Amino acid sequence: MAWFGHEEPADAAEAPTGEISAEALARIIAEADGTAAAADASDPDVDLVAAPGDLERALSDRQALIQLCLYALDRARSSGVVERLEHGLADIGVTALRAEGERFDPSRHEAGGAVPTDDPELEGVVAETEVVGFADQDRLLRAPIVTVYAKRAQ
Numbered sequence: 009m010a011w012f013g014h015e016e017p018a019d020a021a022e023a024p025t026g027e028i029s030a031e032a033l034a035r036i037i038a039e040a041d042g043t044a045a046a047a048d049a050s051d052p053d054v055d056l057v058a059a060p061g062d063l064e065r066a067l068s069d070r071q072a073l074i075q076l077c078l079y080a081l082d083r084a085r086s087s088g089v090v091e092r093l094e095h096g097l098a099d100i101g102v103t104a105l106r107a108e109g110e111r112f113d114p115s116r117h118e119a120g121g122a123v124p125t126d127d128p129e130l131e132g133v134v135a136e137t138e139v140v141g142f143a144d145q146d147r148l149l150r151a152p153i154v155t156v157y158a159k160r161a162q
């Protein structure tokens with residue numbers, strides 16, 4: 009009897025109806041999850057030399073995927089989805105930038121608004137991050153948009 013496009017081996021025909029031998033089951037699982045070809049990966053004759061342009065293509069693909077994740081983050085409505093995307097990005101070296109409590113730095117932050125304050129120590133300090141920024145290692149991908157404490161007009 010054929011299933012999944014395979015013919016049953018002779019030993020499976022001898023098994024009682026509805027039962028599959030352990031060996032046949034192991035082979036089915038290996039074929040389904042792709043581990044059947046895993047033995048080839050350990051073959052010492054496998055050429056591990058990258059083709060010209062592979063590194064550039066991989067880096068370009070990485071940047072495209074990072075941008076896609078940032079796009080998805082901006083549109084995510086679920087805090088769980090946001091958390092998972094940020095965690096996944098952090099795993100590859102892309103960190104979220106939240107600037108609350110930092111001194112405003114126009115080279116690292118984008119001002120989105122101001123909050124009046126009478127406290128001179130708070131003047132020029134980031135009160136809130138409106139839009140999270142991101143950095144890939146030390147390279148700024150997107151500056152966080154922040155609200156900054158400003159001296160109250162008299």
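For the numbering used here, count along the sequence shown from 1 and bump the result up by 8. We put the beta carbon where it would ideally sit given N, CA and C, even for glycine. Predicted, not measured: the structure shown is a model, and the values here were computed from it.
Residue i (DSSP reduced to helix, strand or coil)
{"i": "R92", "result": "helix"}
{"i": "L149", "result": "strand"}
{"i": "E136", "result": "strand"}
{"i": "A158", "result": "strand"}
Length of the line joining the Cα atoms of residue i and residue j
{"i": "E131", "j": "T125", "result": "7 Å"}
{"i": "P128", "j": "R160", "result": "10 Å"}
{"i": "I153", "j": "G96", "result": "22 Å"}
{"i": "F112", "j": "S68", "result": "32 Å"}
{"i": "G101", "j": "L76", "result": "16 Å"}
{"i": "A20", "j": "S29", "result": "The pLDDT assigned to A20 is 49, lower than 50, so where the model puts this residue is not dependable, and the model offers no usable value."}
{"i": "V123", "j": "A135", "result": "7 Å"}
{"i": "D146", "j": "Q71", "result": "15 Å"}
{"i": "E31", "j": "A40", "result": "14 Å"}
{"i": "V184", "j": "R83", "result": "Shown here, the chain extends from 9 to 162; a query on residue 184 therefore has no answer."}
{"i": "E64", "j": "I74", "result": "15 Å"}
Boundaries (first-last residue) of the beta strand (DSSP E) holding residue i
{"i": "D144", "result": "G141 to D144"}
{"i": "P124", "result": "E118 to T125"}
Option in the options with minimal Cα separation from residue i
{"i": "G109", "options": "V156, A32, A34 and S115", "result": "V156"}
{"i": "H117", "options": "V139, T103 and A98", "result": "V139"}
{"i": "L148", "options": "R106, I37, R65 and A34", "result": "R106"}
{"i": "F142", "options": "E136, A66, L81 and E39", "result": "L81"}
{"i": "A98", "options": "A151, R65, P114 and L78", "result": "L78"}
For residue i, the first and last residue of its enclosing alpha helix (DSSP H)
{"i": "L105", "result": "L105 -> not in any alpha helix (DSSP H); beta strand (DSSP E) instead, spanning V102 to L105."}
{"i": "A66", "result": "D62 to R83"}
Chain B within 7 Å of residue i, Cβ atoms only
{"i": "E94", "result": "The structure shown contains no chain B, having only a single protein chain."}
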